[in-house]
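Let me begin by presenting the structure, written as structure tokens, before commenting on it.
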Amino acid sequence: MSAEPVPALARLVPHRGAMLLLDEVVSGDAQSIVCRVTPRADSLFARDGHVAAVVAVEYMAQACAAWLGWQALRRGEPPSGGWLVGLREVELSCDAFELGTALDVHARHGFGELRLASFETRVLAGSQVLAVATLNVLRHGS
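80 is the number of the first residue of the sequence shown in this note's numbering; add one for each residue after it.
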């Protein structure tokens with residue numbers, strides 16, 4: 080699939096303020112999205128020059144929310160938000176992310192269209208895979 084223009088992140092997700100952890104949407108298509116985050120010292124989860132790698136789960140969940148929000152807009156609906164209801168096959172290849180290191184967060188839609196959806200997700204620093212997981216997300220409403 081070829082990449083399509085994706086709206087700004089704030090239009091796609093319900094997260095605001097310090098809980099909006101991702102910085103931007105890099106690209107997306109009908110099946111996937113790539114977002115970017117560069118952990119900073121003022122990040123809610125920054126401690127001693129690092130962000131714990133477990134925070135990758137929230138990065139991945141927000142990327143899934145961004146893709147779902149974008150698909151809702153494409154259908155003429157408002158983004159509705161939702162809940163992370165399951166994690167499988169979580170692998171973290173580091174203990175923490177260095178502040179200032181750009182991380183690309185990939186989410187690929189696996190199945191589900193309306194209420195429940197599953198995503199294959201990963202977090203990379205350049206070409207190095209730092210985290211992978213399968214996330215199940217339940218959307219509000221629908």
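Beta carbons: idealized from backbone N, C-alpha and C, even for Gly.
Beta-carbon gap between residue i and residue j smaller than 9 Å
| i | j | result |
| --- | --- | --- |
| residue 184 | residue 141 | yes |
| residue 166 | residue 196 | no |
| residue 27 | residue 134 | For the chain, the structure presents residues 80 to 221; residue 27 sits outside this window and is missing. |
| residue 216 | residue 125 | no |
| residue 178 | residue 119 | yes |
| residue 168 | residue 187 | no |
| residue 109 | residue 83 | yes |
Span of the beta strand (DSSP E) around residue i
| i | result |
| --- | --- |
| residue 163 | 161-171 |
| residue 213 | 207-218 |
| residue 85 | Counting along the chain, residue 85 falls outside any beta strand (DSSP E), and DSSP gives it neither H nor E. |
Own chain, CB closer than 7 Å to residue i, minus 5 neighbours either side, in chain order
| i | result |
| --- | --- |
| residue 175 | 129, 130, 131 and 132 |
| residue 103 | 88, 114 and 115 |
| residue 97 | 123 |
Residue i, buried or exposed, once every other Cβ within 10 Å from all chains shown has been counted against 16
| i | result |
| --- | --- |
| residue 202 | buried |
| residue 150 | buried |
| residue 190 | exposed |
| residue 80 | With a pLDDT of only 47 at residue 80, under the threshold of 50, the placement of this residue in the model should not be trusted; the figure read from the coordinates follows. Counting Cβ neighbours within 10 Å, residue 80 comes out exposed, since fewer than 16 surround it. |
| residue 228 | Not covered by the structure: residue 228. The range shown for the chain is 80 to 221. |
| residue 107 | buried |
Where the alpha helix (DSSP H) containing residue i begins and where it ends
| i | result |
| --- | --- |
| residue 120 | Neither: residue 120 is in no alpha helix (DSSP H) and is coded neither H nor E. |
| residue 91 | 88-91 |
Residues that DSSP places opposite residue i in a beta bridge
| i | result |
| --- | --- |
| residue 131 | 175 |
| residue 200 | 186 and 212 |
Beta-carbon proximity list for residue i, same chain, < 6 Å, skipping 5 on both sides
| i | result |
| --- | --- |
| residue 21 | Outside the shown range of the chain (80 to 221) lies residue 21, about which nothing can therefore be said. |
| residue 164 | 215 and 217 |
| residue 158 | 91, 148 and 151 |
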